[in-house]
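> Below are the structure tokens for one structure; questions will follow.
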Amino acid sequence: QTSAIPSYSIASIPADGIGPEVINAGIAALQALADTLETFKLDFTHYDWSSETYKKTGRYIPDGGLEQLKKHDAILFGAVGAPDVPDHISLWGLRLAICQPLQQYANVRPTKVFRGTQSPLRNCATGDLDWVIIRENSEGEYAGQGGRSHQGRPWEIGTETAIFSRHGIERIMRFAFETAQQRPRKLLTVVTKSNAQRNGMVLWDEVAKAVSQEFPDVTVDKMLVDAMTTRMVLKPETLDTIVATNLHADILSDLAAALAGSIGIAPTSNLDPTRENPSMFEPIHGSAFDITGMGIANPVGTFWTAVEMLNWLGEKDAAVKLLDCVENVCEQGVLTRDLGGKATTKEVTEAVVAEIQKLK
Ligand code: ATP
Ligand code: MG
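Quick note: UniProt numbering has the sequence shown finishing at residue 364, numbered continuously throughout.
See below:
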């Protein structure tokens, strides 16, 4: 007899540094949630692709690996990067090697100040900072286009060409407008640098304007990326949904995470909005080798990642409940060192699991 509740197949790729520590914590919370609510099931398959694999075999993803990934409903990713592998090799070898072929063109980064945590900004109360940054995730400045010539010579040059296609901009803009439309304030800030970059960025502005015609109920404002950084710091309450290029949003979202209290709490979703391929969910932080193995990594970023994954899978009620449990634990003062507390990864995880079990 099988029950009628939905079951989701999740690929887990913990990878490097604190990745395995936070992914273990995330899976413990998800499993506890599924066991307690009994409204859905999760089935995890673990992939040990990492910089260790790369050092042994020369590659991160084995033959047929992507095909295997495509069979899952979602991918839960830890962090990639090791001190003895150049960052551009690890990033392109694993993370981008999944995002690009799986057409995960929308990178979504929510940030907010949790109950019980504090922003480093003076006078920034809970609720003042509640943003979603949408990052173009398939082209732009990280398209991998360019080259090196005259290698090793004093006149050597390296070019890094940013690629902006009308198709690529249109699909990310439409996704951003839809996201803004679903949020209470219906406010979208389009970030640009079209005063200095007069080709791709001007196309970006033109397409944003054209797509905005389809969403008359969304208020749009346009900000230059440099001015945007000051607005985020000085007037956080004036922002809601933000759309920016691959590079700009990469930088702005790290700033956003720090303004919300720590890089250890925010999640990232790499979405294929067409749902043809599975989407990938990961905490915003990196492999953090400086604290690897110490048992003090903040698992909250992975818990919030799990919330975003449940939302995408359609388990909205479970997602709201999990986020609430995590905020309750923050409010109880069970915080890791990056948030000014003394708790270990294990203690925070146990507190969240205990909070989940109260849902029964
Ligand atoms: P990458 O190159 O993969 O982005 P990185 O070392 O440049 O890695 P992070 O790994 O994000 O960047 O770490 C930046 C800083 O934030 C480090 O000091 C790290 O210890 C801290 N940090 C990152 N994630 C966490 C976390 N989950 N809990 C506590 N501290 C964290
Ligand atoms: Mg980093």
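The beta carbon of each residue, even a glycine, is placed where N, CA and C say it ideally should be.
Once the 5 residues before and after Gly204 are set aside, which same chain residues still bring their CB inside 6 Å of it?
Ala166 and Phe168
> State yes or no: is the C-beta of Asp294 nearer than 7 Å to some heavy atom of the ligand ATP?
yes
> Measuring alpha carbon to alpha carbon, tell me which of Asp67, Ala83 and Ser55 ends up nearest Ile288.
Comparing Cα-Cα distances from Ile288 to each of Asp67, Ala83 and Ser55, the minimum goes to Ala83.
> Per DSSP, which residues does Gly150 bridge with? Please list them.
Glu164
> Mind checking which residues open and close the alpha helix (DSSP H) that includes Thr61?
Ser55 to Thr61
> Using a beta-carbon distance below 8 Å, is Val224 in contact with chain B?
Reference to chain B is not applicable here, since this structure consists of a single protein chain.
> Output needed for Val333: all residues of its chain with C-beta closer than 6 Å, excluding positions within five of it in sequence on either side, in chain order.
Ala355, Val356 and Glu359
> Give the straight-line distance between the Cα atoms of Gln5 and Leu80, rounded to the nearest whole angstrom.
Note on Gln5: pLDDT 49, under 50, position unreliable in the model; the coordinate value appears next. Rounded to the nearest angstrom, the two C-alpha atoms are 29 Å apart.
> Quick check: what's the CA-CA separation for Asp77 versus Asp47?
Each residue's CA atom was taken as its position, placing Asp77 and Asp47 some 10 Å apart.
> Using 8 Å as the threshold, is the region 265-273 in touch with the region 301-311, meaning 3 or more CB pairs across them?
yes
> Mapping the DSSP letters down to three states, classify Thr49 as helix, strand or coil.
strand
> In angstroms, rounded to a whole number, what distance separates the CA positions of Ala8 and Ser291?
Near 39 Å, if we compare the C-alpha coordinates of Ser291 and Ala8.
> Ends of the beta strand (DSSP E) at Asn281?
Asn281 -> no beta strand (DSSP E), and no H or E assigned at all.
> So Trp135 is in the beta strand (DSSP E); what residue range does that whole segment cover?
Counting along the chain, the beta strand (DSSP E) containing Trp135 begins and ends at Asp134 to Glu140.
> Taking the alpha-carbon positions, what's the Arg279 to Gly62 distance?
31 Å
> Would Arg139 pass as a contact of Ala262 if the rule is Cβ separation under 8 Å?
no
> Would Leu256 pass as a contact of Val324 if the rule is Cβ separation under 8 Å?
No, these two residues do not count as a Cβ contact at 8 Å.
> So, using beta-carbon positions, are Thr296 and Ile22 closer together than 8 Å?
Yes; because the gap between Cβ atoms is below 8 Å, this pair is in contact.
> For Ser273, is the beta carbon positioned less than 7 Å from some heavy atom of the ligand ATP?
no
> For Lys226, does the three-state DSSP call read helix, strand or coil?
strand
> If we count the other Cβ atoms within 10 Å of its Cβ and call it buried at 16 or more, is Asn199 buried or exposed?
With fewer than 16 Cβ atoms within 10 Å of its Cβ, Asn199 is classed as exposed.
> Take Gly344 as the anchor and find which of Val211, Ile300, Leu37 and Asp132 has the nearest alpha-carbon.
Ile300
> Please go through the same chain and pick out, in chain order, the residues whose beta-carbon is closer than 8 Å to the beta-carbon of residue 371, but skip the five residues on each side of it.
Nothing in the structure corresponds to residue 371, since the chain is present only between 5 and 364.
> Span of the beta strand (DSSP E) holding Gly82?
Ala78 to Ala83
> Does Ser266 pass the burial test, meaning 16 or more other C-beta atoms within 10 Å, or should it be called exposed?
Here Ser266 is buried. Its C-beta has 16 or more other C-beta atoms within 10 Å.
> What first and last residue would you give for the beta strand (DSSP E) that runs through Lys74?
Where Lys74 is concerned, there is no enclosing beta strand (DSSP E), although the alpha helix (DSSP H) it sits in stretches over Gly69 to Lys74.
> Taking the runs of the beta strand (DSSP E) that are 3 residues or longer, which of them lie wholly in the region 98-134?
110-116
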